[in-house]
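See structure below.
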Amino acid sequence: MQFKDQIDFIRQHMKRNKLRVATTILAATMGCAFLIVLASVGFGLHQTITDDVLDNNMVTQIEVAGKTDGDTELAPADIPDAELQQIKGMEHVIAVVERNQPEAEAEIMIGNRSTYSQVVLSSMEEEQKAGFALSEGKMPAKAGEVVVGYHMAERLLTEAEMEKEANGEEVEGFAGSLIGQTVELELTPFLNEGEERTESSTWEFVVTGIAKEPAKDWMTDVAIYADSSWAPIFNEELGLEKGFKNILVYADELQNVGGITDALKEDGFYVYSVTEELGTMNVFFTALKAGLIFVGTIAVLIASIGIFNTMTMAVTERTREIGVMKAIGAQPKLIRKLFLMESAAIGLIGTALAVVISYGISVLANWLVPIIILSSLGEEDAAGISIVISTIPWQLVVIASAISIGVAMVSGWRPARKATQIDIIQALRQEM
Amino acid sequence: MIKIKDLQHHFKIGKKGNERHVPVLKSVTLEIGKGEIVAILGKSGSGKSTLLHILAGFMSPEKGSVVVNGQETAALKEAEQASFRLANFGFIFQNFQLMPGLNAFENVELPLKIKGMAETERKMKVQKLLEKVGLDQVAGHYPNELSGGQQQRVSIARALITDAPIILADEPTGSLDSETEKEILLLIQSLNKKLGLTFVIITHDEEVAAVADRQYRLHDGELVKGEQRHAV
Ligand SMILES: Nc1ncnc2c1ncn2[C@@H]1O[C@H](COP(=O)(O)OP(=O)(O)OP(=O)(O)O)[C@@H](O)[C@H]1O
Ligand SMILES: [Mg+2]
Chain H
0 MQFKDQIDFI RQHMKRNKLR VATTILAATM GCAFLIVLAS VGFGLHQTIT DDVLDNNMVT
60 QIEVAGKTDG DTELAPADIP DAELQQIKGM EHVIAVVERN QPEAEAEIMI GNRSTYSQVV
120 LSSMEEEQKA GFALSEGKMP AKAGEVVVGY HMAERLLTEA EMEKEANGEE VEGFAGSLIG
180 QTVELELTPF LNEGEERTES STWEFVVTGI AKEPAKDWMT DVAIYADSSW APIFNEELGL
240 EKGFKNILVY ADELQNVGGI TDALKEDGFY VYSVTEELGT MNVFFTALKA GLIFVGTIAV
300 LIASIGIFNT MTMAVTERTR EIGVMKAIGA QPKLIRKLFL MESAAIGLIG TALAVVISYG
360 ISVLANWLVP IIILSSLGEE DAAGISIVIS TIPWQLVVIA SAISIGVAMV SGWRPARKAT
420 QIDIIQALRQ EM
Chain V
0 MIKIKDLQHH FKIGKKGNER HVPVLKSVTL EIGKGEIVAI LGKSGSGKST LLHILAGFMS
60 PEKGSVVVNG QETAALKEAE QASFRLANFG FIFQNFQLMP GLNAFENVEL PLKIKGMAET
120 ERKMKVQKLL EKVGLDQVAG HYPNELSGGQ QQRVSIARAL ITDAPIILAD EPTGSLDSET
180 EKEILLLIQS LNKKLGLTFV IITHDEEVAA VADRQYRLHD GELVKGEQRH AV
């Protein structure tokens, strides 16, 4: 029998029992749609959280937290310069930034205004390669010049203003531009337990540039960026050891972060990058998605009982016709195929409808659920939150279709086999 | 064309352990040549249908051999049996056995579909045959819209459409009135003459058997040549 004729044959049979076939398809649709929608929540949450991680991290940044040589553990500050140069030479690495921070509390003062700050001592050249940019002014050219954070001016408060702010009132901060201004930096070494209060020291710097606004609006940048040549000077004056060192490796693109991370790990470096975080998350979400698909499959299995029933009834009803077909000379293989195709068709139509419906439900959920959640959070908290409840990637459609159509065919298997085993003589005896 | 030799068959009735053997065919031997019409007469329950079912390959005989066109049919597997039937036999049943969901044209077309013939060739062939058996006017009618005689004509057309050389007919006029019976018998005779088809007709009706070249009577599990035809 030609394939086209087989399709015609099945269509004719399905038409003859419209209502029964339709309700079976409805059940298959519901089962499959349930599976897709349920799993789509897993996919949606995964995407929301992945986006969140990518949003809130310097995605191309790899932090080097130390190194091991088997027995010896090296802190970032102790990693030899030659090795850092080697990293710099790696493919897809655009910059290696070494940030020194003296182990001291920093305060910036100008006139009667002051603010706590962080001292970032780094190679400005390397920082620029890594993406450091100014919102105004220019990069320091001389030893006594610095760049300050974007929020430095507004955080420089008088004592009166600090009090006002503590009472919840709005404060202005430093009016006008800090560029060209001379600021005082006071460093007070951190106290270890049992130590007496050590002397603080003060340096004066001229501000030449303001760093650009941080990428995230919840970040406040009140740092003071100076050349790393200041590190030994500060440490000697304050009688400190090496201080903290932060080594940050920057990749050219997100897709190369994983490769660089792995290469560094192989060399014994302790590294941390966004791919690491995503990696652990991926394991969790893969398990979650698999679990949701499993639960959804149960719905499909329940629907398959309907398919089994429908096909069994179809075979019983058509016993005489099947007998005639066999008598005329139809192969048992053909009979089985026709019935399997019919149950597959029910699965196929059900799945197709389910995919369409699921996309509808998904869109609706992504529109409606955030509205409900955000309205319960209140307007202020709601700003800037974007939630994806449900996504249906093509892989999910493929998996769900395979499960639904597969289950439909399996449930049609026994009825189809029963059809091939029909005894011709018995079948021909049946009344019309 | 058909050689039946020392065919034996019995049925078991009743529960296991307490079963009764009912011998239906004790020793049946029969040879049918190409282009013959052979009628097999017999009382109800004498085993006529059983003989036909074995001949058609619907069931296997307990003993004996059936050779059709040089092929020992009992040696064939189920799938091979089906192909063999499709190529060699056409069937006419007492109650027509048409597909209720297919119209006359589609019912006749069905064996060709099963064979896998291409649509245009198939349609032409069916159209021609329907004209030949006088059904072209009702080609679009469904079985429940046809008279008994028309239904049997459709079923005859279905048996002929594959050009099978042997037509097996079990009580072909059993459900028809005597007028229509005559019509159908004439059709069978003319097909036999024009196309050289071989017919095996099972019947309990002497008038039907009269169209046959040879008559046999199945009695007590054995075939007796038709001289006894007026004994009833
Ligand atoms: N499947 C079966 N199991 C047991 N006995 C059977 C079976 N089929 C037929 N028989 C018996 O075999 C005998 C012959 O049956 P068969 O149908 O061949 O008769 P028949 O000559 O065709 O009769 P009729 O003219 O009424 O159609 C009958 O006695 C019947 O009861
Ligand atoms: Mg009979």
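Taken in sequence, the protein lines are chains H and V. Numbering follows numbering that gives the first Met the number 0, in which position 226 of the first sequence is assigned residue number 225; successive positions increment by one, without gaps. Numbering follows numbering that gives the first Met the number 0, in which position 227 of the second sequence is assigned residue number 226; successive positions increment by one, without gaps. The C-beta atom is built at its ideal place from N, Cα and C for all residues, glycine as well.
Less than 7 Å separating the Cβ of residue i from some heavy atom of ligand 3?
i	result
Lys47/V	The ligand content of the structure shown is limited to ligand 1 and ligand 2, which means ligand 3 is not among them.
Does the distance from the CB of residue i to the CB of residue j come in under 8 Å?
i	j	result
Val27/V	Ile3/V	yes
Glu203/H	Glu183/H	yes
Ser154/V	Phe92/V	yes
Val436/H	Ala225/H	A question about residue 436/H goes unanswered here, because the residues of chain H that appear run from 0 up to 431.
Lys128/H	Ile78/H	no
Leu120/H	Gln100/H	yes
Leu237/H	Ala103/H	yes
Pro392/H	Ala78/V	no
Leu300/H	Val406/H	yes
Gly148/V	Leu190/V	no
Asp68/H	Gly267/H	yes
Gly136/H	Ile178/H	yes
Gly220/V	Val23/V	yes
Leu395/H	Phe42/H	yes
Ser134/H	Ile209/H	yes
Gly349/H	Thr28/H	yes
Glu61/V	Gln7/V	yes
His91/H	Gly257/H	no
For a test of the three-state rule: what should DSSP assign to residue i, helix, strand or coil?
i	result
Asp219/V	coil
Trp202/H	strand
Lys2/V	strand
Gly278/H	helix
Ile432/H	Any question about residue 432/H goes unanswered here, given that chain H covers just 0 to 431.
Arg317/H	coil
Ala211/V	coil
Ile165/V	strand
Gln180/H	coil
Lys224/V	strand
Thr179/V	helix
Glu341/H	helix
Arg350/H	According to the sequence displayed, residue 350/H carries Thr and not Arg. Correct three-state label for Thr350/H: helix.
Asp216/H	coil
Gly69/H	coil
Lys14/H	helix
Asp50/H	helix
Leu247/H	strand
Asp4/H	helix
Tyr141/V	coil
His203/V	coil
Pro101/H	coil
Leu186/H	strand
Lys11/V	strand
Glu120/V	helix
Glu106/H	strand
Gln330/H	coil
Glu62/H	strand
Our contact map puts residue i next to residue j with C-beta atoms below 8 Å; I'd like the distance itself, whole angstroms only.
i	j	result
Ser389/H	Val52/H	Contact doesn't hold; Cβ gap of about 19 Å is too wide.
Gly56/V	Phe90/V	Contact doesn't hold; Cβ gap of about 11 Å is too wide.
Ala353/H	Ile35/H	6 Å
Ala415/H	Arg317/H	Not quite, the Cβ-Cβ distance comes to about 12 Å (not below 8 Å), so this is no contact.
Ile113/V	Ala313/H	About 19 Å; that fails the 8 Å criterion.
Task: Completely contained alpha helix (DSSP H) runs for the segment 114 to 152 of chain H, where each covers 4 or more residues - done: Runs of the alpha helix (DSSP H) inside the segment 114 to 152 of chain H: 123 to 128.
Open item on the list: Any contact between the segment 167 to 186 of chain V and the segment 203 to 213 of chain V? By contact I mean 3 or more CB pairs, one from each, below 8 Å.
Closed with: By the Cβ rule, the segment 167 to 186 of chain V counts as touching the segment 203 to 213 of chain V, because three or more pairs are nearer than 8 Å.
- [ ] Count the C-beta pairs between the segment 385 to 395 of chain H and the segment 280 to 287 of chain H that are closer than 8 Å, then say yes if the count reaches three, no if not.
- [x] In short, these stretches do not touch, since the Cβ pair count stays below three.
Open item on the list: Ignoring anything shorter than 3 residues, give me the beta strand (DSSP E) runs that lie fully in the segment 16 to 56 of chain V, in order along the chain.
Closed with: Fully enclosed beta strand (DSSP E) runs of 3 or longer: 19 to 31, 36 to 41.
Open item on the list: Does the structure place the segment 21 to 37 of chain H close enough to the segment 301 to 318 of chain H that three or more beta carbon pairs sit under 8 Å?
Closed with: Taking a cut-off of 8 Å for Cβ pairs, the segment 301 to 318 of chain H and the segment 21 to 37 of chain H touch, as three or more such pairs fall below it.
Task: contact_flag[the segment 264 to 280 of chain H, the segment 61 to 76 of chain H] where n(CB pairs < 8 Å) is 3 or more - done: As far as the Cβ criterion goes, the segment 264 to 280 of chain H touches the segment 61 to 76 of chain H, which means the pair count is three or higher.
Open item on the list: Which runs of the beta strand (DSSP E) at least 3 residues long sit entirely within the segment 151 to 175 of chain H? Give them in chain order.
Closed with: Runs found: none.
Task: the segment 96 to 105 of chain V / the segment 19 to 33 of chain V touching (three or more Cβ pairs under 8 Å) - done: By the Cβ test, the segment 96 to 105 of chain V is not in contact with the segment 19 to 33 of chain V, since fewer than three Cβ pairs between them sit closer than 8 Å.
Task: the segment 203 to 218 of chain H in contact with the segment 168 to 184 of chain H per 3-pair CB rule at 8 Å - done: When C-beta atoms of the segment 203 to 218 of chain H are compared with those of the segment 168 to 184 of chain H, three or more pairs fall below 8 Å, so the two segments count as touching.
Open item on the list: I want to know whether the segment 151 to 168 of chain V touches the segment 100 to 108 of chain V - three or more CB-CB distances under 8 Å.
Closed with: Counting C-beta pairs closer than 8 Å gives three or more between the segment 151 to 168 of chain V and the segment 100 to 108 of chain V, which meets the contact rule.
TODO: Could I get the ranges of all uninterrupted alpha helix (DSSP H) runs contained in the segment 57 to 111 of chain V, with 4 residues as the minimum, in chain order?
DONE: The DSSP assignment places complete alpha helix (DSSP H) segments of no fewer than 4 residues inside the segment 57 to 111 of chain V at 77 to 87, in order along the chain.
Open item on the list: Pairs of beta-carbons, one from the segment 163 to 171 of chain V and one from the segment 119 to 136 of chain V, closer than 8 Å: are there three or more?
Closed with: Counting Cβ pairs under 8 Å, fewer than three are found: no touch.
Open item on the list: What ranges does the alpha helix (DSSP H) occupy inside the segment 253 to 311 of chain H, keeping only unbroken runs of at least 4 residues that lie completely in it?
Closed with: List check, alpha helix (DSSP H) in window: 253 to 265.
- [ ] Check whether the segment 4 to 23 of chain H touches the segment 329 to 344 of chain H, counting contact only when three or more Cβ pairs, one atom from each stretch, lie closer than 8 Å.
- [x] By the C-beta criterion, the segment 4 to 23 of chain H is judged to be in contact with the segment 329 to 344 of chain H, since at least 3 inter-stretch pairs fall below 8 Å.
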